[in-house]
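S.K.:
There are 2 protein chains.
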Amino acid sequence: MLKVITSKDNNKIKHASSLKERKYREEYQEFLIEGYKMLEMAAEAGCIKEIFTLKEIEGIKQEIPQYLVDPSLIKKISNSVSPEGVVAICNMVHRKSKKMNKVVYLDKVNDPGNVGTIMRTAYAFNYDAIIFSKGSCDPYNEKAISGSRGSIFFLPILHGDLEEFKEDKDVIVSALNEKAVDIKEVKLPKSFILVVGNEANGVSQEIIKQATITTKISIDNIDSLNVAVAAGILMDHLR
Amino acid sequence: MLKVITSKDNNKIKHASSLKERKYREEYQEFLIEGYKMLEMAAEAGCIKEIFTLKEIEGIKQEIPQYLVDPSLIKKISNSVSPEGVVAICNMVHRKSKKMNKVVYLDKVNDPGNVGTIMRTAYAFNYDAIIFSKGSCDPYNEKAISGSRGSIFFLPILHGDLEEFKEDKDVIVSALNEKAVDIKEVKLPKSFILVVGNEANGVSQEIIKQATITTKISIDNIDSLNVAVAAGILMDHLR
Chain A
1 MLKVITSKDN NKIKHASSLK ERKYREEYQE FLIEGYKMLE MAAEAGCIKE IFTLKEIEGI
61 KQEIPQYLVD PSLIKKISNS VSPEGVVAIC NMVHRKSKKM NKVVYLDKVN DPGNVGTIMR
121 TAYAFNYDAI IFSKGSCDPY NEKAISGSRG SIFFLPILHG DLEEFKEDKD VIVSALNEKA
181 VDIKEVKLPK SFILVVGNEA NGVSQEIIKQ ATITTKISID NIDSLNVAVA AGILMDHLR
Chain B
1001 MLKVITSKDN NKIKHASSLK ERKYREEYQE FLIEGYKMLE MAAEAGCIKE IFTLKEIEGI
1061 KQEIPQYLVD PSLIKKISNS VSPEGVVAIC NMVHRKSKKM NKVVYLDKVN DPGNVGTIMR
1121 TAYAFNYDAI IFSKGSCDPY NEKAISGSRG SIFFLPILHG DLEEFKEDKD VIVSALNEKA
1181 VDIKEVKLPK SFILVVGNEA NGVSQEIIKQ ATITTKISID NIDSLNVAVA AGILMDHLR
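Here the protein sequences come in this chain order: A and B.
At position 32 of the first sequence the residue is numbered 32 (our numbering), and the sequence of numbers has no breaks.
Remember, our numbering sits 1000 above the position in the second sequence when you count from 1.
(1) Measuring only the C-alpha atoms, how far is A/Glu34 from B/Ala1175?
(2) Once you ignore the five residues that flank B/Asn1198 on each side, which residues in its own chain have a CB closer than 7 Å to its CB?
(3) Please determine, among B/Tyr1140, B/Ala1228 and B/Lys1096, the residue with the shortest C-alpha to C-alpha distance to B/Arg1025.
(4) Kindly list, in the order they appear in chain B, the residues whose Cβ is closer than 7 Å to that of A/Val229.
(5) If the cut-off is 8 Å on Cβ atoms, which residues from the region 1137-1157 of chain B count as contacting chain A, listed in chain order?
(6) When the Cα of A/Leu54 is compared with those of A/Tyr36, A/Ala230 and A/Ala211, which residue comes out closest?
(7) Say whether the region 118-138 of chain A touches the region 147-164 of chain A, bearing in mind that this needs 3 or more beta-carbon pairs closer than 8 Å, one atom from each stretch.
(8) Using 8 Å as the cut-off, can you tell me whether the region 1227-1238 of chain B makes contact with the region 1113-1126 of chain B, which would need three or more C-beta pairs spanning the two stretches below that distance?
(9) Indicate the three-state DSSP secondary structure (helix, strand or coil) for B/Ala1088 in the structure shown.
(10) Identify every run of the alpha helix (DSSP H) within the region 1102-1154 of chain B, keeping only runs that are complete inside it and at least 4 residues long; order them along the chain.
(11) Name the DSSP bridge partner or partners of A/Asn10?
(12) Report all residues from its chain with a CB closer than 6 Å to the CB of A/Val203; omit the five preceding and five following residues, and keep chain order.
(13) Under 8 Å between C-beta atoms, does A/Asn198 make it to chain B?
(14) Do you know how far the Cα of B/Phe1192 is from the Cα of B/Gln1205?
(15) Show which residues of chain B have a CB atom less than 8 Å away from the CB atom of A/Asn221.
(16) Let me check understanding here. Comparing Cα to Cα, which of B/Ile1060, B/Arg1239 and B/His1015 lies closest to B/His1002?
(17) Show which residues of chain B have a CB atom less than 8 Å away from the CB atom of A/Leu225.
(18) Can you find a C-beta in chain B that's less than 8 Å from the C-beta of A/Asp9?
(19) Reducing DSSP to helix, strand and coil, say where A/His94 ends up.
(20) Could you give the residue range of the alpha helix (DSSP H) that holds B/Glu1163?
(21) Should B/Thr1006 be labelled buried (16 or more other beta-carbon atoms within 10 Å of its own) or exposed?
(22) Distance, Cα to Cα, B/Ala1043 vs B/Ile1064?
(23) Select from the region 160-176 of chain A all residues with a C-beta closer than 7 Å to any C-beta belonging to chain B, and list them in chain order.
(24) For a cutoff of 8 Å on Cβ pairs, would you count A/Asp236 as touching chain B?
(25) Using a Cβ-Cβ cut-off of less than 7 Å, give me the residues of the region 99-116 of chain A that come near chain B, in sequence order.
(26) Taking DSSP as the reference, what is the three-state secondary structure of A/Gln66?
(27) Let me make sure I understand the geometry here. Which of A/Glu50, A/Ile222, A/Val103 and A/Lys143 has the alpha-carbon closest to that of A/Val259?
(28) What are the residues that DSSP puts in a beta bridge with A/Ser174?
(29) Could you name the residues of the same chain whose beta carbon sits closer than 8 Å to that of A/Asn177, not counting the 5 residues immediately before and after it, in chain order?
(30) What is the residue span of the alpha helix (DSSP H) that A/Gly232 lies within?
(31) Over the uninterrupted beta strand (DSSP E) stretch that includes A/Glu30, give me the two end residues.
(32) I need the DSSP call for B/Leu1019, collapsed to helix, strand or coil.
(33) Taking A/Glu163 as the reference, which of A/Ala45, A/Lys12, A/Ile74 and A/Ala211 has the closest Cα?
Structure below.
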């Protein structure tokens, strides 16, 4: 279905543009993606609502509206300095995870690049889901989506407090305290939640208290690793 | 030594501002740092040339000039949207590495965030040096410096072709080809260079040809990991 939009005051353009803000993404349960590669993955995931494009895109389901727009309108709804020529609105899919044996929990991780990279690694390592604490960066932030390299379409994304998810799982917390054992010594539990913490402050005390296993990556010379690197190394050991 | 600068046309301000560009950093062998934490680490490394600050900073050697400036001048020489109130010029220190047994080589890695993060991990894992190929991001880019969390002051930083450094070392290349063995199967060599490649294209063919060991991190669902995460996992196995 191909239509043309020419005015920046068109309601669909205004709506798309509003999705740059988290509050509107949450209100409408929609988010923006950009570029051909992302569009392909979103199509595979079946979550595209509508497309704004400089030229008609082949291989997209008939029932998904495509709106032909000019570069100034793409610029209005894009977050890029030099947009690729296609922006789409996607529906948030609240994917239920069939199993929850291997889960990563982000405790107030707030850099979107880190969040996107952790989603990418979790998906690559077959994690069952990623859970975002209150105070973590929005996974649908444009930089998080881009850093996830499309993992966001397939990895189940959940929100909430650790308590809601822990059941009888081991809670493995990455923290530098006297209880922490080297990750190389940790035996892979059957079912666990791996918690990584905020860039500046690490995992919060309330969550450290709930740990059944406290672990660390042994390092020298410097206080800490980047959280996405640390999460990657921990997930590499816990898979 | 405390002086006051009030004019944005002052030569010292103009010079500092020029160091935002790579060509001037290379010409003068100087780079900019920002913020109190970075300043502290640079002082420890002994590479501060001069400081521009909103207020006099204690604990800095007498012979290092401190220039009192106002916020508009800080803004002119800073790369931050909201600068912390101190910017310094540092001298590039061409630190010779005492030994070169455990080295990471960046083959056209070009995102400054990735480069900074890899420096941080290499330093944390006691790597002897990091080598930048032609076409890699400048390690003295402000985002790389910030991502390195000060590692840049201590980790020996070298530039050049792989050939110049390989001698009798093993060359361990991260690449997805039929020769690649899982990193978990790689026995730690006595002396090696670990090569990680460009974000979009991986390690270049000329370098893959020189590999004595080709390795990979086993993943599913997606083509690749983020290069800083991959480098982190590889260095974690190779230490």
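Ideal Cβ placement from N, Cα and C applies to all residues, glycine included.
M.R.: To lay it out plainly:
(1) 28 Å
(2) Asp1107, Lys1108, Val1109 and Asn1110
(3) B/Tyr1140
(4) Thr1117, Thr1121, Ala1228, Val1229 and Gly1232
(5) Gly1147, Arg1149, Gly1150, Ser1151 and Phe1154
(6) A/Tyr36
(7) yes
(8) yes
(9) strand
(10) 1112-1124 and 1142-1148
(11) In the DSSP output, where bridge partners are listed per residue, A/Asn10 has none listed.
(12) Asp107, Val173, Ala175, Val195 and Gly197
(13) no
(14) 19 Å
(15) Tyr1123, Ala1124, Asn1126, Ser1151 and Phe1154
(16) Contrary to the premise, residue 1002 of chain B reads as Leu rather than His in this sequence. Of B/Ile1060, B/Arg1239 and B/His1015, the residue nearest in Cα terms is B/Ile1060.
(17) Arg1120, Thr1121, Ala1124 and Gly1232
(18) no
(19) coil
(20) Leu1162 to Lys1166
(21) exposed
(22) 10 Å
(23) none
(24) yes
(25) Gly113
(26) strand
(27) Chain A is shown only over 1 to 239; residue 259 of chain A falls outside these bounds and no answer can be derived.
(28) A/Thr215
(29) Ile208 and Thr214
(30) Val227 to His237
(31) Glu30 to Glu34
(32) coil
(33) A/Ala211
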